[in-house]
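Sequence order for the protein chains is A and B.
Taking the working numbering, the leading residue of the first sequence gets 1, the next gets one more, and so forth.
Taking the working numbering, the leading residue of the second sequence gets 201, the next gets one more, and so forth.
Some notes on the structure that comes next.
2 protein chains.
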Amino acid sequence: MVEDDYIIREGFAALLSQTPDFEVVGAYSNCEDYLKNLANDRPDVVLMDLELPRMGGVEGIERTKKLRPQTQLIVVTVYENDGLVFKALCAGAGGYLTKNMPPSRLIDAIREIRQGGAPMSTNIARMVVASFQKNYQSPLTARETEVLERIAQGKSYTTIADELFVDKETIRTHIKNIYWKLEVHSKAEAIEKARKEKLI
Amino acid sequence: MVEDDYIIREGFAALLSQTPDFEVVGAYSNCEDYLKNLANDRPDVVLMDLELPRMGGVEGIERTKKLRPQTQLIVVTVYENDGLVFKALCAGAGGYLTKNMPPSRLIDAIREIRQGGAPMSTNIARMVVASFQKNYQSPLTARETEVLERIAQGKSYTTIADELFVDKETIRTHIKNIYWKLEVHSKAEAIEKARKEKLI
DNA sequence: TACATTTCACCCACTTTGGGGGAAGCGTAA
DNA sequence: TTACGCTTCCCCCAAAGTGGGTGAAATGTA
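Written out as structure tokens, the structure is:
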């Protein structure tokens, strides 16, 4: 466990220690000490806070996965901020809980991740699923979206024209209209804006 | 509810009907009939099977979201296939359950999605979270990965060179090495392969 | 009828791309 | 020490791609 708040850390440790089949092999207040002992502690599951002194939790997750890939990490934090959630998951977190949960949820979550699951708080799960879904009120037409998706795959105008069975000039017209609608002037800008607004 | 198996459909309908606060406004064996009655039924939550005669479940989800965006959909299926799961979520599913669950899970899931959650079976949640994570044994170096990520953002060699504070020629060398390692000969192929193998 | 969408055409100038070659400095591991 | 991989930079070439401009016809829909 890595958690800088003494009260919470000891509380969790006490809870887990008295649970059958659970053993707390380490409880640290910062990532540096935790990583130093990672090879010795050999944890199955790590509970990781994100707001930590010096090295942040996301970097702690990354380093853990590099040093000991089989380690499972569950983020336990107060942050429900989009960016942080996805950074933590990309870094290798296998679960994400917010601190407003009943303590029993922690026990369940650890069992769940050991059984091949991905324990998440309600809101986090929704954010994760929503990240797959497109914006339903796009300024782009169906055809333009189709073109932009292929642009985002790195395809050239010629390739796209062949795939859609139209002339290269048609694709160029679509691109011009896309740029005008998105108020951009290049592929990179268009892709960035489209991804940000979930148009593709 | 859209479910082509009579036994399952009637079983679920019976279960839900006798649960307090729940009302079954429609139980269909195919998407066509379901969509025809969608405006009339005005469901809060739809349980959607994926293997259906004629129109598939994924298209059913898409059409539902276009006709009535506020509708919440939970996929209930036997398929745990990667492709289908992500297609369903991209199409607009807000939850995904596999049929090997206890019936009580269905009730919980409907309550969960109404409270802003995203109910998922254990394995599905893991697949979804895993989709954010990179391949830890990439053939590419850190620098090459950095370059390829920017290529996938549609940036030109010149732009990438400026961002990384190196010469355009350096980027060209990296690209050549990336192409050689991935055994590809163009941007589009490199992006496709890198995304497929989760190198970026 | 008016409008949006989709399709195609031609002009220009500039950049990008993929492929070939070579090389120097750096650190690490055999 | 040697060898290797990584990162950096340089040169050549030809083909293709890109962004911007203007115009227009066919379709369907409100």
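Just so you know, even glycine gets a beta-carbon here, dropped at the ideal spot from N, CA and C.
By the rule that beta-carbons nearer than 8 Å mark a contact, V128(A) touches chain B. Contact of N323(B) with chain A by beta-carbon distance below 8 Å involves G116 and G117.
Rounded to the nearest angstrom, the Cβ distance from V75(A) to L38(A) is 17 Å, too far for a contact under 8 Å. Under DSSP, M48(A) shares a beta bridge with V2(A) and V75(A). Taking the CA atoms as reference points, R395(B) sits about 43 Å from E223(B).
Non-local beta-carbon contacts of Q72(A) in its own chain, meaning distances under 6 Å to residues more than five positions away in sequence, involve V45, G94 and I113 in chain order.
Rounded to the nearest whole angstrom, the C-alpha separation of R372(B) and D362(B) is 13 Å.
Within the region 370-388 of chain B, the residues whose Cβ lies closer than 7 Å to any Cβ of chain A are, in chain order, K387 and A388. By the rule that beta-carbons nearer than 8 Å mark a contact, Y336(B) touches chain A. In its chain, beyond the 5 residues on either side, D204 and N230 have a beta carbon closer than 7 Å to the beta carbon of P253(B).
When secondary structure is reduced to three states using DSSP, L216(B) falls in the helix class.
A residue is called buried once 16 or more other Cβ atoms fall within 10 Å of its Cβ, and K65(A) is buried on that count. For a Cβ distance threshold of 7 Å, nothing in chain A lies close to F212(B): the least Cβ distance comes to about 22 Å. The alpha-carbon separation between E62(A) and Y234(B) amounts to approximately 46 Å. Put simply, the CB of F86(A) is near chain B, with a gap under 8 Å to one of its CB atoms. C-alpha of F132(A) to C-alpha of D282(B): approximately 14 Å in a straight line. Residues of the same chain with a CB within less than 6 Å of the CB of V25(A), apart from the 5 flanking positions on each side, are D41 and P43 in chain order. Contact check for G317(B) against R126(A) passes: the beta carbons are separated by less than 8 Å.
Checking the DSSP bridge columns, you'll see T298(B) partnered with T277(B).
With a threshold of 8 Å between beta carbons, L89(A) makes contact with chain B.
In this structure K155(A) is buried. Its beta-carbon is surrounded by 16 or more other beta-carbon atoms within 10 angstroms. Using beta-carbon distances, P69(A) counts as an interface residue toward chain B, with a partner under 8 Å. If you check each beta-carbon in the region 146-168 of chain A against every beta-carbon of chain B, the ones closer than 9 Å belong to R150, I151, A152, Q153, G154, K155, S156 and T159. A direct Cα-Cα distance of roughly 7 Å separates L182(A) from K193(A). Of C290(B), E280(B), P269(B) and H385(B), the smallest CA-CA separation from A130(A) is found for C290(B).
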